[in-house]
Amino acid sequence: MNEDEIEQFNKISLGGESSSASAISQINNKKTLTNQSQKPTNQLKNGLLGWYAICSSKDIKNNQPYSFTIYNEPLVIYKDKEANLRCVKDLCPHRGASFIGGEVIDGELVCPYHGARFSSRGECTNLSRITCNHIVDSNYDNYASKIHLYQYVCKEIGGYIYIYYDGKAKTNLSEFEITDNINNRLLNNYGFDISSYKYEEVVVDFKCDWARVIENHLDILHLFWVHGDTIPDNEVTRDVITSFNQEITREENQIESKYKYKDKSKGEFIRIKFLPPGRIVIYKGQPEEARYIQVLDHIPLSKNKARVIVRHYRKFMKNKLLTDLLLFKQLQHRVFYKVFSEDYMILRTQTYNNQMGYIEKDNVKLLGEDKMVQYYWDWFKSSDIKDHPWELHPKDSDTNTVHEDRSMLYPPANPKLERQNNKSILINVALRILIPVGLILLIL
Ligand code: FES
Ligand SMILES: [Fe+2]
């Protein structure tokens, strides 16, 4: 499927928009909500399969396939000869090797095992290299036509690489039935003018349940307690833990909650949007006026392994010289890493409790403040029943953990980058002090 065809699919799948907030009143008067007592309800059109943001455009290097897993399935992304992005199942059709450690040469994917090269259409372009001429059988040509790569539809928009994931890679992209419109994931579709912002980005890997990480990012209450000392906002501290008036809407493409201070003179605290299956958008006020937007994309690498791409868009501090001088990027990364490290142990142990069945056994009682979380689980449960994504590429305890081990690249699972960032801050601060002092000493 080419770009035009994908656009065409998107238009067809756009469908009519509907809006309904009627379900909010069902639980407004309840002091507590139990996890089990409510039958899952779901007004969202999309389930767990569909468009996922996988990485940033900058992660795709010219000569190297970018590898990752989603719902256990190993995939690679690379740029082909025509500079189209390709997302390919990580399986060489010669003898089943992985493309990890392979290369991209002249826009062709090269297997690290015997050097077979593949065009983006899946054909092997250098069969003579992997076949001895004297034993070529009469079906040599048939072999060449049978060999192929399996692919998913892949798109690059706004510096993100998205794939349309349905768990069934295909040799021919035109066979995909795209039932989810990628526009539903894009911020411009919700009134944000994203071109007027600058952003910083970090990637974080959690050894825990993907769905729990999303729950954490939809949760307002823990910000004050867990991150109160880290978030640079005097209104967010342990001393001012507070509940809010909430306005929650569940529509076809999103769940959104607006949190307003109970003291009306203080206005709005924050808004959170959940755009299934994996995107969360956090901002304040009307989209067109928001000074900052935090965008969190969650990728279910494998069971209990989740990756989050965090982007913080801002309308302030846009001058490059000034931001470089003030180490704005490094300092913001420091806050990100600290926030996610703070969440990490909670998420891991919560994952354990979930695996042990403690959370499912009606042992937890949600509060009125957890409405957003409850709505999210409503969606998740009905989507899981419908899509059962973990059954598409199931593993058992004997399955080699190579992909899981490799996938933990970023803090907090691997704190190396965090340490590097802290070191960079120290060195830069020292330089900023030492250089002027040295100059003064020279003059004297
Ligand atoms: S397994 Fe890939 S070239 Fe042989
Ligand atoms: Fe958190």
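Under numbering that gives the first Met the number 0, the first residue of the sequence shown is numbered 0, with each subsequent residue one higher.
We put the beta carbon where it would ideally sit given N, CA and C, even for glycine.
Nearest by alpha-carbon distance to residue i: which of the options is it?
i	options	result
alanine 241	Phe315, Phe117 and Asp262	A small correction: the amino acid at residue 241 is threonine; alanine does not occupy that position in the sequence shown. Of Phe315, Phe117 and Asp262, the residue nearest in Cα terms is Asp262.
aspartate 89	Met371, Pro73, Val103 and Ala82	Pro73
tyrosine 151	Ser173, Gly158, Ser382 and His311	Ser173
isoleucine 146	Ile76, Gly95 and Lys415	Gly95
serine 97	Pro64, Glu200, Arg306 and Cys153	Pro64
serine 446	Pro393, Pro275 and Pro299	Absent from the model: residue 446. The displayed extent of the chain is 0 to 443, so no value can be given.
arginine 278	Gly356, Cys91, Lys337 and Ile181	Ile181
asparagine 215	Arg333, Asn171, Met344 and Leu324	Met344
glutamate 200	Tyr409, Asn233, Asp397 and Asp232	Tyr409
tyrosine 161	Leu185, Lys169, His113 and Tyr291	Leu185
glutamate 246	Gly367, Trp378 and Lys304	Gly367
glutamate 234	Val428, Ile434, His93 and Glu267	Glu267
asparagine 83	Lys154, Leu126 and Lys57	Lys154
aspartate 369	Arg347, Gly227, Glu403 and Phe243	Phe243
isoleucine 53	Ser66, Glu176, Leu391 and Lys317	Ser66
Verify whether the separation of the beta carbon atoms of residue i and residue j is less than 9 Å.
i	j	result
isoleucine 254	leucine 43	yes
valine 87	tyrosine 149	yes
phenylalanine 223	arginine 211	no
glutamine 293	isoleucine 281	yes
serine 256	glycine 158	no
leucine 108	arginine 85	yes
glutamine 349	cysteine 207	yes
valine 203	tyrosine 336	yes
proline 498	serine 301	Nothing about residue 498 can be reported from this structure: the residues present for the chain run from 0 to 443 only.
proline 286	glycine 166	no
glutamate 122	glycine 106	no
lysine 319	tyrosine 291	no
valine 338	isoleucine 269	no
tryptophan 209	isoleucine 298	yes
threonine 178	serine 406	no
arginine 333	asparagine 420	yes
glycine 114	isoleucine 129	yes
tyrosine 70	tyrosine 164	yes
leucine 217	isoleucine 156	no
tyrosine 77	cysteine 91	no
lysine 328	phenylalanine 205	no
serine 119	aspartate 58	no
Take the Cβ of residue i as the centre, count every other Cβ of all protein chains shown within 10 Å, and call the residue buried at 16 or more, exposed below.
i	result
methionine 371	buried
tyrosine 51	buried
lysine 10	Any reading at lysine 10 must be qualified, since the residue scores a pLDDT of 37, below 50, and its modelled position is unreliable; the value itself is stated next. Looking at its Cβ environment, which holds fewer than 16 other Cβ atoms inside 10 Å, lysine 10 is exposed.
serine 36	Low local confidence applies: a pLDDT of 41 at serine 36 is under 50, so the model's placement there is unreliable, and no value is given.
glutamine 25	Because glutamine 25 sits at a pLDDT of 36, beneath the cut-off of 50, its placement in the model cannot be relied upon, and the point is left open.
glutamine 354	exposed
glutamate 359	exposed
asparagine 252	buried
asparagine 27	Confidence is the limiting factor: at asparagine 27 the pLDDT is only 37, short of 50, which leaves the residue's position unreliable and the question unanswerable from this model.
leucine 430	exposed
tyrosine 357	exposed
asparagine 1	In this predicted model, asparagine 1 has a pLDDT of only 45, less than 50, meaning its place in the structure is not dependable enough to derive any value.
glutamate 288	exposed
valine 401	exposed
leucine 443	exposed
asparagine 45	buried
valine 75	buried
proline 435	exposed
isoleucine 384	exposed
arginine 310	buried
serine 127	exposed
For residue i, verify whether its CB is less than 8 Å away from any heavy atom of ligand 2.
i	result
histidine 311	no
leucine 222	yes
valine 225	yes
asparagine 215	yes
valine 280	no
glutamate 341	yes
valine 338	yes
aspartate 232	no
aspartate 218	yes
Just checking: is the beta-carbon of residue i within a distance shorter than 9 Å of some beta-carbon in chain B?
i	result
arginine 310	Structure shown: chain B not included; a single protein chain is present.
Listed by chain order, which residues have C-beta atoms less than 5 Å from any heavy atom of ligand 1? Cys91, His93, Arg94, Ala96, Cys110, Tyr112, His113 and Ala115
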